[in-house]
């Protein structure tokens, strides 16, 4: 108790702020994470406004400019900043439009997974006895099947296509998500303040909405960022394997696969989508990591 | 106590395998097309053939009977016939699985050799420059899509510099008789005159896929080892040891390391799932004749019996690896054995 008072008097001002404020303060002090957040916001804007921002149409072909290198190259043309592909399509426009497919759809996928995962995870966490044990074992089995393999099986059921990919990835990500949310709920349920709530006569819904949820939603955001980065990687990997987005859809993985034959002639058409993918995943990971560190720091006070 | 624990694990293992079989069996009904064709892999059956097949697969019986006959066929190694090649699926899997396993094992070995020391270093120099450097490195490694990394390495090392071969397991010049399916072991066992040349050639072919495949698991292991080490270093007995005046290396190697590495054992077992997933992509890029590439090809060809067989083989392997790692972990760490059942 004495220890607590001592710290409280030192950081009294800090402790008076709301938990979210404290979290933001800790997050802000981590500059790398902040850069990640800006990158994340920029990509989100790009994903929503892609058709407006892109200089040319996605599938607009320029027959006078085939396989043009990026504009900084001697052979490049300033009209096409990042060059063109084998059909004379502007690489920059295709990449900007690809943000909507790869990044935007990944966000959508992760959001739907979050919704389903939180509902099912809370249900799994609140149930007890045989039901919980069976659920746990079924989860163990699905977790042991690799997520990409599971997605591939689901695609074999549904047939290739971008929308089917989204469903497949949602289903493949769910077990992991349910498992994490379940762990959070179980951890929280064993704490004394929840027991006190039960003893006060609160029902399950009350305990859940007033007791558990306010204490775990920040952790759910962290899980969200993790599943988002997996979703980006899986969507593009399936696109790359020609099981997801089909050409001429400008999904980054599909663009990469499409230009694989020109890897020697036009390496930029392969390297650039990869760089964007890398930055998208990096931004997500940075935000997630920053958030996790900030949560840990806040707890330490 | 230990026996009871292992017994419980074995029951859990059988339960998981049973569920996996149920899932695989139900796929023949879920996949498009006729369940009989999906189960047997025989296409365009004539009428009297169909009768025989229905008899064999017990399709005129109830679902549980069908499932039992499915189980007995799976255990006998009769996994149906591939649509694409017309040959038994089990034969394909036996021929292809060692190639994937070989690649995955080398990658796992590489990730253990590099990942764990790096994690320990990062934890030992917590918040100093080695920690920051390793952290930056893991963050970059985590964010690199595996297929892009593979293509970058191919562009740089194979196409530009011409240092390494970019596809296959061994140059076509060397003919190695197939014995175990593990190329390095096969070369060692064979009695050809060009043994050493073949060996270096196989190593050259192995290098790039192994690097690509091991990147992600290495990052996971670095992170995990670092976190586990930091957690142990926080504990009171370490503080006591430090208060007694032990040096950092004494502290880490004699006191912290053993406890910190315990959870890592379990984590290594969990890596197989990631490894096999990534191996599928790596094999496609490097034309590695393994089960991952075969599975992806089966999807292109809508070869449903092959997909089912591949799923069954790969998942069984992963479940076995996970449970083995779990049992190993609990053998080394008695505390985990005492946990209440059904809890996590």
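Residue numbers (the UniProt record's numbering), protein chains in the order written: chain D, 1 to 301; chain V, 1 to 344.
Beta carbons are placed, not taken as given, at the ideal position from N, Cα and C, and that holds for glycine.
These numbers come from a predicted model, not from an experiment.
Checklist entry - DSSP three-state call for residue 88 of chain V: helix, strand or coil? => result Strand at residue 88 of chain V.
Next on the checklist: Rounded to whole angstroms, what is the Cα-Cα separation between residue 221 of chain V and residue 210 of chain V?
Outcome noted: 16 Å
Item to check | Secondary structure of residue 145 of chain D, DSSP reduced to three states | outcome: Taken through DSSP and simplified to helix, strand or coil, residue 145 of chain D comes out as coil.
Next on the checklist: Measuring CB atoms only, is the region 305-324 of chain V touching the region 254-261 of chain V, in the sense that at least three cross pairs come out at less than 8 Å?
Outcome noted: Three or more Cβ pairs closer than 8 Å define a contact, and the region 305-324 of chain V falls short of that threshold against the region 254-261 of chain V.
Checklist entry - Of all the CB atoms in chain V, is at least one closer than 8 Å to the CB of residue 164 of chain D? => result no
Checklist entry - Can the beta-carbon of residue 229 of chain V be found less than 8 Å from the beta-carbon of residue 119 of chain V? => result yes
Item to check | C-alpha gap between residue 9 of chain V and residue 327 of chain V, whole angstroms | outcome: So the two alpha carbons sit approximately 8 Å from each other.
Item to check | Residue of D/162, D/225, D/125 minimising C-alpha distance to residue 185 of chain D | outcome: Check the Cα spacing between residue 185 of chain D and each of D/162, D/225, D/125: the tightest is with D/125.
Checklist entry - If you run the structure through DSSP and keep just helix, strand and coil, what is residue 61 of chain D? => result strand
Checklist entry - Any beta-carbon of chain D closer than 8 Å to the one on residue 118 of chain V? => result no
Next on the checklist: For residue 192 of chain V and residue 186 of chain V, I'd like the C-alpha separation in whole angstroms.
Outcome noted: Rounded to the nearest angstrom, the two C-alpha atoms are 11 Å apart.
Checklist entry - Going by other Cβ atoms of all chains shown within 10 Å of its Cβ, with 16 needed for buried, is residue 98 of chain D buried or exposed? => result So residue 98 of chain D ends up on the buried side.
Checklist entry - Of all Cβ atoms in chain V, is any one closer than 8 Å to the Cβ of residue 219 of chain D? => result no
Checklist entry - Are the CB atoms of residue 169 of chain V and residue 198 of chain V nearer to each other than 8 Å? => result no
Checklist entry - Expressed to the nearest angstrom, what Euclidean distance is found between the alpha-carbon atoms of residue 183 of chain V and residue 112 of chain V? => result 22 Å
Item to check | Closest Cα partner of residue 116 of chain D within the set D/94, D/175, D/204, D/142 | outcome: D/175
Next on the checklist: Less than 7 Å between C-beta atoms, sequence neighbours within five positions excluded: which residues of the same chain meet that for residue 215 of chain D?
Outcome noted: 188
Item to check | Exposure of residue 217 of chain V, with buried meaning 16 or more beta-carbon neighbours within 10 Å | outcome: Label assigned to residue 217 of chain V: buried.
Checklist entry - Is residue 237 of chain D close to chain V, meaning its C-beta is less than 8 Å from at least one C-beta of that chain? => result Cβ-Cβ to chain V under 8 Å: yes for residue 237 of chain D.
Item to check | CB-CB length for residue 319 of chain V against residue 101 of chain V, believed under 8 Å | outcome: Residue 319 of chain V to residue 101 of chain V, Cβ: 15 Å. No contact.
Item to check | Beta-carbon spacing of residue 286 of chain D, residue 35 of chain D below 8 Å | outcome: Yes, the pair counts as a contact, with Cβ atoms nearer than the cut-off.
Checklist entry - Opposite residue 90 of chain D in the DSSP bridges: which residues? => result D/84
Next on the checklist: For residue 137 of chain D, would you say it is in contact with chain V, using Cβ-to-Cβ distances shorter than 8 Å as the test?
Outcome noted: yes
Item to check | Interface positions of the region 128-146 of chain V facing chain D (Cβ-Cβ less than 8 Å), listed along the chain | outcome: 139, 140, 142, 143, 144, 145, 146
Checklist entry - Rounded C-beta distance between residue 295 of chain D and residue 66 of chain D? I'm assuming under 8 Å. => result About 51 Å separates the two Cβ atoms, so there is no contact after all.
Checklist entry - Based on the DSSP output, what are the partners of residue 81 of chain V in its beta bridges? => result V/88
Item to check | Contact set between residue 54 of chain D and chain V, taken where Cβ atoms lie within less than 8 Å | outcome: Here the premise fails: no neighbours, minimum Cβ distance about 22 Å.
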